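Below you'll find the structure, written out as structure tokens, and then a few comments.
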Amino acid sequence: NGNTVREAIALDGDCLGTAILIRDVTAEKEVDRMKTDFISTVSHELRTPLTSVLGFAKIIKKKFDDTIVPVVPLDDRKVQRTVKQVGNNIEIILSEGQRLTALINDVLDIAKMEAGKIEWHFELSDMGQVVKRAIAATSSLLEAKDLQVVEVIDEELPEVFVDRDRLIQVMINLISNAVKFTSEGSITCHVTRIENHLSVSVADTGIGIAPEDLDKVFEKFKQVGETLTDKPQGTGLGLPICKQIIEHHGGRIWVESEVGRGSTFSFTLPISPTSAEQSQKLNLDL
Ligand code: ADP
478 NGNTVREAIA LDGDCLGTAI LIRDVTAEKE VDRMKTDFIS TVSHELRTPL
528 TSVLGFAKII KKKFDDTIVP VVPLDDRKVQ RTVKQVGNNI EIILSEGQRL
578 TALINDVLDI AKMEAGKIEW HFELSDMGQV VKRAIAATSS LLEAKDLQVV
628 EVIDEELPEV FVDRDRLIQV MINLISNAVK FTSEGSITCH VTRIENHLSV
678 SVADTGIGIA PEDLDKVFEK FKQVGETLTD KPQGTGLGLP ICKQIIEHHG
728 GRIWVESEVG RGSTFSFTLP ISPTSAEQSQ KLNLDL
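All residue numbers for the sequence shown refer to full-length UniProt numbering, where the first residue is 478 and numbers rise by one.
The structure is reproduced here in structure tokens:
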């Protein structure tokens, strides 16, 4: 709360006196509250019209696909070209709209996390299941690039006390990045126990990250590497969000990489005594 209490102790151990520093943090708290209010209002105001733009774009696409595409005259090249162009344009509106939605969600997420305004839902969870859910959620990306995903999940792992959805979000971020920056090879998701921690990693055989950029990737809006022009689009917020989530769980996240060979993102999650006790109790109950 910003207040400090210090005791002045003499060499013989006697207490000479106490200094108390009281800092009024009302104004800082108020600024924090205003920042969070501002962010939620702005993102709400951006999301509402965007939802309606995307909704109408979807309706137009359906009508276009169902009623216009089937009646395009086969002998009219000009009409065929125009219909194709309009189809492509609708796809762009949809995909850019979805990208903007993701960006707004990421900005809102990170702002709320930094302000400590996220609601967490901790429960005993099986990390193997979390990894499987994330792999299922990214399967279309994996298939589109013809990349293999390998799961190495140790047996008999203890359950951990975590926010399941947030950890699925972390895994989806790491796997999507692995897919984005890998053109061939495989992606390996590994879950194992190391002493009092679970260790989870996502390894790819992609472009890799230069040693001087390894720390930067966890900074907000940082996109590293030289091939910026043909870089897949992203927000540069995925990894900072992962870091906030993992650190909130008392874990650590880092990356090891070699340019041209691939990267491995790893994080740890403490196996808390509570979770061990709770899982033991749950096992006994069965
Ligand atoms: P985004 O992927 O949206 O750009 P992230 O915060 O997830 O944002 O990642 C930041 C940057 O870190 C990426 O733009 C990329 O330069 C680098 N990066 C992340 N994951 C990988 C990976 N698996 N291989 C190579 N580079 C990566």
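Every residue, glycine too, gets a C-beta built ideally from N, C-alpha and C. Treat the numbers as computed from the prediction; the structure is a model and nothing was measured.
Hey, quick one: how far does the alpha helix (DSSP H) through Phe533 stretch, first residue to last?
As a working mapping, residue 533 is identified with position 56 in the sequence shown. Looking at the DSSP string, the run of the alpha helix (DSSP H) that includes Phe533 is Thr503 to Lys540.
Should Lys720 be labelled buried (16 or more other beta-carbon atoms within 10 Å of its own) or exposed?
Numbered from its first residue, the sequence shown carries residue 720 at position 243. Lys720 should be labelled buried.
Using 7 Å as the cut-off, classify the Cβ of Gln700 as near or not near the heavy atoms of the ligand ADP, replying yes or no.
Working through the sequence shown from its first residue, we reach residue 700 at position 223. Within the cutoff, so yes.
Spatial neighbours of Ile567 within its chain, please: CB distance less than 7 Å, with the 5 preceding and 5 following residues excluded, ordered by chain position.
By one-based count along the sequence shown, residue 567 stands at place 90. Closer than 7 Å at the Cβ level, and outside the excluded window around Ile567, lie Ala534, Ile537, Lys538 and Phe541.
Closer than 6 Å by C-beta to Ile718: which residues in its own chain qualify, once you throw out the five before and the five after it? Chain order, please.
Numbered from its first residue, the sequence shown carries residue 718 at position 241. Annotation for Ile718: Asp586 and Ile587 place their beta carbon closer than 6 Å to its own, counting only its chain and skipping 5 residues before and after.
Consider the C-beta atom of Asp681 and the heavy atoms of the ligand FMN; say whether any pair is separated by less than 7 Å.
The ligand FMN is absent from the structure shown, which contains only the ligand ADP.
Using a Cβ-based criterion (distance less than 7 Å to any ligand heavy atom), does Ser740 qualify as near the ligand ADP?
Against the sequence shown, residue 740 aligns to sequence position 263. Yes, the beta carbon of Ser740 sits closer than 7 Å to at least one heavy atom of the ligand ADP.
Closest residue to Phe742 among Thr682, Phe599, Thr712 and Pro635 (Cα-Cα distance)
Position 265 of the sequence shown, counting from 1, holds the residue named residue 742. The residue from Thr682, Phe599, Thr712 and Pro635 with its alpha-carbon nearest to that of Phe742 is Thr682.
Rounded straight-line distance, which links the Cα of Thr665 to that of Ala680:
Reading the sequence shown from its first residue, position 203 is the one you call residue 680. Reading the sequence shown from its first residue, position 188 is the one you call residue 665. Ala680 and Thr665 have their C-alpha atoms spaced approximately 5 Å apart.
Confirm the yes/no value for this check: CB of Asn582, any heavy atom of the ligand ADP, distance under 7 Å.
As a position in the sequence shown, residue 582 is number 105, starting the count at 1. No, since every heavy atom of the ligand ADP falls outside the 7 Å radius drawn around the Cβ of Asn582.
Please find out if some non-hydrogen atom of the ligand ADP comes closer than 7 Å to the beta-carbon of Ile686.
For the purposes of this step, residue 686 is identified with residue 209 of the sequence shown, where counting begins at 1. Indeed, a heavy atom of the ligand ADP lies less than 7 Å from the Cβ.
Reference Leu716; option with closest CA among His667, Ser676, Asn673 and Ile652:
Residue mapping note: residue 716 aligns to position 239 of the sequence shown, counting from 1. By alpha-carbon distance to Leu716, the top candidate from His667, Ser676, Asn673 and Ile652 is Ile652.
Determine whether the Cβ of Leu601 lies closer than 8 Å to any Cβ atom of chain B.
In the displayed structure, chain B is absent; only one protein chain is listed.
Buried or exposed, going by whether 16 or more other CB atoms sit within 10 Å of the CB of Phe638?
Start at 1 with the first residue of the sequence shown, and residue 638 comes out as number 161. With 16 or more other Cβ atoms inside 10 Å of its own Cβ, Phe638 counts as buried.
Run through the DSSP bridge pairs and tell me what Phe638 is partnered with.
Counting from 1 along the sequence shown, the entry for residue 638 is found at position 161. BP columns for Phe638 point to Leu601.
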